[in-house]
Amino acid sequence: MQCGATHTTPSTPHSVGPTKHITMSYTTSYYHIVIRTYRSEPTINEEYERELYAYIYGIAKNLKCQTYRIGGIADHIHMFVSLPSYLSLASFVQRVKTDSSKWLKANPHFPDFRGWGREYAGFSYSLRDKDMIVGYIMKQKEHHRKKTFAEEHRGFLTENGVSIDERYFLRDD
292 MQCGATHTTP STPHSVGPTK HITMSYTTSY YHIVIRTYRS EPTINEEYER ELYAYIYGIA
352 KNLKCQTYRI GGIADHIHMF VSLPSYLSLA SFVQRVKTDS SKWLKANPHF PDFRGWGREY
412 AGFSYSLRDK DMIVGYIMKQ KEHHRKKTFA EEHRGFLTEN GVSIDERYFL RDD
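Numbering of the sequence shown is given in this note's numbering, commencing with residue 292 and proceeding in unit increments.
As structure tokens, this is what we get:
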């Protein structure tokens, strides 16, 4: 799923004292987000994955987010998105997980889906990185012929300076 151009989000105008002053803050926030299925179970049916991606795209659009790409394989998805200034990464991911989980559980094309994993990964990037990240997401099936999700995830965490506590790595219980 790809959308139009980059956007900046102005802050909400507010008044100060007897005259109104409009303040504008411009932000751009680009995130590569990874969400896995509960216990990394392969429950995303490849034949119908585009329906899931379209649904998630709709969630993001309703939240005024710019979605550049969604893709994945049976046990996880990747998204590259830009969020408006008023929406935190955690709030965005929670909405995507909650709303898409309800949809997936009600959809007969995903009969084994039990939910998303408890955690997620979100890495910030700049607009200069867009083509690289979009290309990476587009090649998920190719990447995973050589590398497991755990290997991929560990690599992202290490590359982004995140310490891994093995007691909790990819645990849902």
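Cβ atoms here follow ideal geometry from the backbone N, Cα and C, with glycine treated the same way. Being a predicted model, the structure only gives us computed values, none of them experimental.
Its chain contains TYR322, ILE324 and LEU380 as the residues whose beta carbon lies nearer than 6 Å to that of GLY413, once the 5 sequence neighbours on both sides are disregarded; these appear in chain order.
A distance below 8 Å between beta-carbons, with the five flanking residues on each side excluded, links SER331 to the following residues of its chain, in chain order: ASP366, HIS367, GLY408, PHE440, ALA441 and LEU461.
TYR359 sits away from LYS430, with the two beta carbons spaced by 8 Å or more. At least 8 Å separates the beta-carbon of VAL384 from that of ILE424. DSSP, read as helix, strand or coil, puts GLU332 in coil. Ranking SER376, SER320, MET315 and THR314 by CA distance to the CA of SER417 puts SER320 first. As for any alpha helix (DSSP H) of minimum length 4 sitting wholly inside the region 354-430, the runs are 380-397 and 421-429, ordered along the chain. Comparing alpha-carbon positions, the option among SER376, ALA345 and ARG386 lying closest to SER316 turns out to be SER376. Linking PRO399 to PRO333 through their CA atoms gives a straight-line distance of about 16 Å. TYR339 and ILE361 do not touch by the CB rule: their CB atoms are close to 14 Å apart, not below 8 Å.
Contact annotation, SER382 with CYS356: C-beta distance approximately 11 Å; criterion of less than 8 Å not satisfied. For PHE440, the uninterrupted alpha helix (DSSP H) segment begins and ends at 440-450. In the three-state scheme derived from DSSP, where H, G and I count as helix and E and B as strand, TYR317 is classed as coil.
The beta carbon of ILE350 sits closer than 7 Å to those of ARG386, VAL387, ASP390 and SER391, all from its chain and outside the five residues before and after it, given in chain order.
The C-alpha of GLY446 is placed about 10 Å away from the C-alpha of GLY452. Annotation for LEU395: PHE401 and PHE404 place their beta carbon closer than 6 Å to its own, counting only its chain and skipping 5 residues before and after.
Separation of THR449 and ARG419 (C-alpha to C-alpha, rounded to the nearest whole angstrom) is 21 Å. Around the CB of TYR348, 16 or more other CB atoms lie within 10 Å, so the residue is classed as buried.
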